[in-house]
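For what it's worth, the numbering used here labels the leading residue of the sequence shown as 239, then goes sequentially.
Right, one structure below, let's go through it.
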Amino acid sequence: MTSISIITATYNAAAHLPGLIESIRQQSDRNVEWIVIDGASEDGTLDLIKGASDVITDYLSEPTLAFSMPLIKGFNAPQGTIT
């Protein structure tokens with residue numbers, strides 16, 4: 239059972255994502271669902287997301303006109319009791 243859901247919105251975040259991925263990997267609670275919503279990044283962010291499938295439960299990458307739209311999509315997806 240998923241106890242915690244994490245939703246992260248990204249756009250061209252390749253410089254910052256490795257630290258976040260490592261932090262999630264080090265968490266002691268393994269009942270974590272991590273959903274990443276990406277705004278069609280062009281800097282390698284999507285490659286990092288795909289390479290972290292051991293901790294990223296699901297991801298969506300699509301272009302958007304507003305930064306809030308991917309986040310809204312992400313909030314509709316979690317299964318955890320704490321989001």
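Positions of the beta carbon are idealized from the N, C-alpha and C atoms, including for glycine.
Contact check for T248 against V270 fails: the beta carbons are separated by 8 Å or more. The Cβ atoms of D296 and I287 do not sit closer than 8 Å to each other. E260 places its beta carbon 8 Å or farther from that of A278. Between D292 and N250, the alpha-carbon positions lie close to 21 Å from each other.
When DSSP states are grouped into helix, strand and coil, T283 belongs to the helix group.
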